[in-house]
Amino acid sequence: MSLTLPTPVAEPVEAAAAPVAGPATGPDLVAFAGRAAAGLREADPALYALLSRESARQNDTLMMVAASSVADPSVLACGGSALGNLTAEGFPGARYHAGCGVADEIERLAIDRACAAFGARDAIVQPHSGSSANLAVITALLSPGDTLLGLDLDCGGHLTHGSPASVTGRYYRAKGYRVTPDGFLDYDRIRELALAHRPKLIVCGASAYPRSIDFARFREIADEANAYLLADISHIAGLVAAGLHPSPVDHAHVTTTSTYKQLYGPRGGLILLGRDARMPGPERGTLAATLRRAVFPFTQGTPDLASVAAKARALDFVAGPGFAELAKRLADGAQAVAERLAERGLRLVTGGTDTHMVLLDLRGTGVTGDVAEGALESCGIVVNRNRVPGDTTPARVTGGLRLGSNTLAARGMDRTAAAECADLVADVLDALRAHGGALPDAVRDRVRDRVSALCARHPLPGYLS
Ligand code: DSN
Numbered sequence: 038m039s040l041t042l043p044t045p046v047a048e049p050v051e052a053a054a055a056p057v058a059g060p061a062t063g064p065d066l067v068a069f070a071g072r073a074a075a076g077l078r079e080a081d082p083a084l085y086a087l088l089s090r091e092s093a094r095q096n097d098t099l100m101m102v103a104a105s106s107v108a109d110p111s112v113l114a115c116g117g118s119a120l121g122n123l124t125a126e127g128f129p130g131a132r133y134h135a136g137c138g139v140a141d142e143i144e145r146l147a148i149d150r151a152c153a154a155f156g157a158r159d160a161i162v163q164p165h166s167g168s169s170a171n172l173a174v175i176t177a178l179l180s181p182g183d184t185l186l187g188l189d190l191d192c193g194g195h196l197t198h199g200s201p202a203s204v205t206g207r208y209y210r211a212k213g214y215r216v217t218p219d220g221f222l223d224y225d226r227i228r229e230l231a232l233a234h235r236p237k238l239i240v241c242g243a244s245a246y247p248r249s250i251d252f253a254r255f256r257e258i259a260d261e262a263n264a265y266l267l268a269d270i271s272h273i274a275g276l277v278a279a280g281l282h283p284s285p286v287d288h289a290h291v292t293t294t295s296t297y298k299q300l301y302g303p304r305g306g307l308i309l310l311g312r313d314a315r316m317p318g319p320e321r322g323t324l325a326a327t328l329r330r331a332v333f334p335f336t337q338g339t340p341d342l343a344s345v346a347a348k349a350r351a352l353d354f355v356a357g358p359g360f361a362e363l364a365k366r367l368a369d370g371a372q373a374v375a376e377r378l379a380e381r382g383l384r385l386v387t388g389g390t391d392t393h394m395v396l397l398d399l400r401g402t403g404v405t406g407d408v409a410e411g412a413l414e415s416c417g418i419v420v421n422r423n424r425v426p427g428d429t430t431p432a433r434v435t436g437g438l439r440l441g442s443n444t445l446a447a448r449g450m451d452r453t454a455a456a457e458c459a460d461l462v463a464d465v466l467d468a469l470r471a472h473g474g475a476l477p478d479a480v481r482d483r484v485r486d487r488v489s490a491l492c493a494r495h496p497l498p499g500y501l502s
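Quick look at the structure:
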């Protein structure tokens, strides 16, 4: 079934009002946080001990999961603030509960900062996650049974891009595009599939794809197929905000992202709209208005305003001058990891990276992804097993590993330090290959010591002092 997309109309975007900046009043937040932590230690020592252990674990391990990052403590403070007490269904200026004046200002601030960080014309900051954001967009634009076209899960796509394991693959007619045997997107093939299947929505973006994505080309394909285009930039949002990866915001009809990966923010999601924000939605009102209704009341109830505040805090950092440096460091770090792993004889999907992500193809080495993941964790290096293109191993086993540089960069690691991390990964993989998948204690001890030294030299910023 094909879709005739409505043409844009001149209509004011229902944008956020300017935030009201006021002097800080009320109890001091730092004192509040300090008292809260002391109170927790006294009231629930068992839970407090577990939370402390987790903080220590994070500081003492090398987090190289590509979907991970580390939020500034000021972001976590927002998440733990009294805003979490607030029930505030609706949007700023149009709530279904009283007592939301401050919350309105905070949500408007988050919206304005999201727009500033991404050059967007409108933003919805309430999604509880990237998956929730995608679900809202898909349910807004498609009716059950309509066709969507997304990257297959085993080629690096995300569950919510039409996987049969997700509602997006169960309630919609999901068709998949794949990568080439070398792991690259094939835009000509995607076009052929779009013209053959006539999806109502094309989803671009990935969870395990280390190369740049040509969003302009995707939009050409969507326009030719008369489809909406959704760009999910959860993994590369920081590179996009820093101008180190082309932005989809004015190419896609809608852009989504999670906030805890490359935006160094809280658990949560964003929906961003660019030049198509004012086009009519599929039913009534603009596309932006349609998507707002899709978030609330269609797929979510009350927002988590504490999380919205934490997004505002993270987005302020993303739009500020320090972020460009961090984004450059994470891109350089990934390059250094890729180069060193290749020098050490390991096979990289696509041969390298344009992003923060490196995908290692372990097939043919005698070491599976699950074994490698476990051995690395026992040395204090945290990665995740991942299927690679053409992988026939089960998802819990996998023939590959996915690595990322977000947290290394946040710890201030430069190319040299990132290459040292890659060397440690390669040392473990070499030892596993040489010993039939078992890691000798001597290797584990030596790598763990070097991990500890690296972590001590590069502590998580702001967590210890
Ligand atoms: N989307 C999942 C991943 O990429 O690992 C979780 O964020």
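Each residue of the sequence shown is one higher than the one before, counting from 38 in the working numbering. We put the CB at the ideal spot given by N, CA and C, even for glycine.
Counterpart residues of residue i in DSSP-defined beta bridges
{"i": "residue 241", "result": "268"}
{"i": "residue 295", "result": "306"}
{"i": "residue 418", "result": "99"}
{"i": "residue 127", "result": "132"}
{"i": "residue 181", "result": "Beta-bridge pairing links residue 181 to no other residue."}
{"i": "residue 323", "result": "317"}
{"i": "residue 504", "result": "Lying outside 38 to 502, the shown extent of the chain, residue 504 is not represented and no answer is given."}
{"i": "residue 222", "result": "216"}
heavy atom of the ligand DSN below 8 Å from residue i C-beta
{"i": "residue 245", "result": "yes"}
{"i": "residue 272", "result": "yes"}
{"i": "residue 195", "result": "yes"}
{"i": "residue 167", "result": "yes"}
{"i": "residue 432", "result": "no"}
{"i": "residue 103", "result": "yes"}
{"i": "residue 421", "result": "yes"}
{"i": "residue 295", "result": "yes"}
{"i": "residue 212", "result": "no"}
{"i": "residue 503", "result": "An answer regarding residue 503 cannot be provided, because it is not within the stretch 38 to 502 covered by the chain."}
{"i": "residue 365", "result": "no"}
{"i": "residue 348", "result": "no"}
Spatially closest choice to residue i from the options, by CA coordinates
{"i": "residue 130", "options": "255, 485, 144 and 319", "result": "144"}
{"i": "residue 286", "options": "454, 297 and 269", "result": "269"}
{"i": "residue 121", "options": "484, 188, 340 and 106", "result": "340"}
{"i": "residue 183", "options": "396, 197, 211 and 220", "result": "211"}
{"i": "residue 215", "options": "197, 190 and 237", "result": "190"}
{"i": "residue 238", "options": "194, 251 and 289", "result": "289"}
{"i": "residue 371", "options": "155, 485, 94 and 452", "result": "452"}
{"i": "residue 496", "options": "195, 450, 381 and 484", "result": "450"}
{"i": "residue 391", "options": "251, 149 and 291", "result": "251"}
{"i": "residue 373", "options": "154, 356 and 393", "result": "393"}
{"i": "residue 367", "options": "481, 148, 273 and 196", "result": "273"}
{"i": "residue 192", "options": "458, 475, 461 and 437", "result": "437"}
{"i": "residue 300", "options": "265, 347 and 379", "result": "347"}
{"i": "residue 430", "options": "420, 405 and 414", "result": "405"}
{"i": "residue 420", "options": "69, 480 and 101", "result": "101"}
{"i": "residue 401", "options": "416, 425, 389 and 415", "result": "425"}
{"i": "residue 279", "options": "221, 397, 168 and 358", "result": "358"}
{"i": "residue 281", "options": "173, 302, 363 and 225", "result": "363"}
{"i": "residue 334", "options": "113, 105, 125 and 79", "result": "125"}
{"i": "residue 167", "options": "399, 475, 260 and 337", "result": "337"}
{"i": "residue 459", "options": "257, 395, 475 and 313", "result": "395"}
{"i": "residue 277", "options": "399, 153, 114 and 163", "result": "153"}
{"i": "residue 320", "options": "113, 330 and 123", "result": "330"}
Start and end residues, beta strand (DSSP E) containing residue i
{"i": "residue 116", "result": "Premise fails: residue 116 lies in the alpha helix (DSSP H), 110-116, not in any beta strand (DSSP E)."}
{"i": "residue 214", "result": "210-214"}
{"i": "residue 437", "result": "437-441"}
{"i": "residue 161", "result": "159-161"}
{"i": "residue 398", "result": "394-398"}
{"i": "residue 188", "result": "184-188"}
First and last residue of the uninterrupted alpha helix (DSSP H) at residue i
{"i": "residue 151", "result": "138-155"}
{"i": "residue 359", "result": "358-380"}
{"i": "residue 478", "result": "478-494"}
{"i": "residue 467", "result": "452-471"}
{"i": "residue 262", "result": "252-262"}
{"i": "residue 207", "result": "204-207"}
{"i": "residue 274", "result": "274-278"}
Closer than 8 Å: residue i CB and nearest the ligand GTP heavy atom
{"i": "residue 203", "result": "Although the ligand GTP was asked about, the structure shown includes only the ligand DSN as ligands."}
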